[in-house]
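Enquirer:
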Amino acid sequence: MTSKDIIKLSVAVVALIGAGYFIWANASDSTHDAGDETKTEWYCTGCEKSFVLNGAELANSMRLQEREIAEQKGPSDGPKARGRGDVTTVNIVKCPFCEKWTGEAARTCEDCGEIFLARTKRGETAICPKCKWDPHTGHKVEGDRAETARD
Ligand SMILES: [Zn+2]
Ligand SMILES: [Zn+2]
125 MTSKDIIKLS VAVVALIGAG YFIWANASDS THDAGDETKT EWYCTGCEKS FVLNGAELAN
185 SMRLQEREIA EQKGPSDGPK ARGRGDVTTV NIVKCPFCEK WTGEAARTCE DCGEIFLART
245 KRGETAICPK CKWDPHTGHK VEGDRAETAR D
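Numbering follows the numbering used here, in which position 113 of the sequence shown is assigned residue number 237; successive positions increment by one, without gaps.
1) Taking A230 as part of the alpha helix (DSSP H), name the residues at either end of that continuous run.
2) Just tell me which of K245, K264, R246 has its CA closest to the CA of C252.
3) Flag this pair as yes or no: are the beta carbons of D210 and E192 separated by less than 8 angstroms?
4) State yes or no: is the C-beta of C171 nearer than 7 angstroms to some heavy atom of ligand 2?
5) Out of W225, R231, K224, point me to the one whose CA is closest to V176's CA.
6) Helix, strand or coil for T164? Go by DSSP, reduced to three states.
7) Would a check of beta-carbon distances place I216 closer than 8 angstroms to chain D?
8) Please report how far the alpha carbon of L182 lies from the alpha carbon of D258, in whole angstroms.
9) Which whole-angstrom value is the C-beta distance of Q189 and V214, which I expect to be below 8 angstroms?
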């Protein structure tokens, strides 16, 4: 098993845990008055709008999707990398605006308030496209680390 496989696997596991958590949060909702804490942010890549879903809405409008990880390699590396694409599993939701399954997990930047996709096309945690705030550290990324690989 290569380290890439392990990363791939852990991404899938995290996605499953995430789905399980939402279901659990929704189920335990009846013991609380407000379900506000279960609100999650999403961003539609189709109509480019952000929206918020609570636990109950999420249970009805979320599903898992397998998707190939887009490799950001130079054109010369292309041909030999094809054939066996890396696949990751992501949670997608139905967009309340255009009603397509193009809603993806989003995050609000704690620094500038920008709403952006939580993951990059490669399945990595994305940082704020405006100010480079990093959700992992809670601080802005120094220098030009933005789109470079983390491993
Ligand atoms: Zn939409
Ligand atoms: Zn920001």
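Using N, Cα and C, we set each Cβ at its ideal position, and we do this for glycine too.
Expert: The structure says:
1) Numbered from its first residue, the sequence shown carries residue 230 at position 106. That residue, A230, is in no alpha helix (DSSP H); its beta strand (DSSP E) goes 227 to 232.
2) Position 128 of the sequence shown, counting from 1, holds the residue named residue 252. The option with the nearest alpha carbon to C252 is K264.
3) Position 86 of the sequence shown, counted from the start, is the residue given in the question as residue 210. Position 68 of the sequence shown, counted from the start, is the residue given in the question as residue 192. Contact flag set, yes.
4) Locating residue 171 in the sequence shown gives position 47, where the first residue counts as 1. Outside the cutoff, so no.
5) Within the sequence shown, the letter at position 52 stands for residue 176. Out of W225, R231, K224, R231 has the C-alpha closest to the C-alpha of V176.
6) Locating residue 164 in the sequence shown gives position 40, where the first residue counts as 1. Strand at T164.
7) Chain labels in this structure do not include chain D; a single protein chain is all it has.
8) Residue 182 sits at position 58 when you count from the first residue of the sequence shown. Residue 258 sits at position 134 when you count from the first residue of the sequence shown. In a straight line, the C-alpha of L182 is about 26 angstroms away from that of D258.
9) Here the question's residue 189 lines up with position 65 in the sequence shown. Here the question's residue 214 lines up with position 90 in the sequence shown. That pair is a contact at about 6 angstroms.
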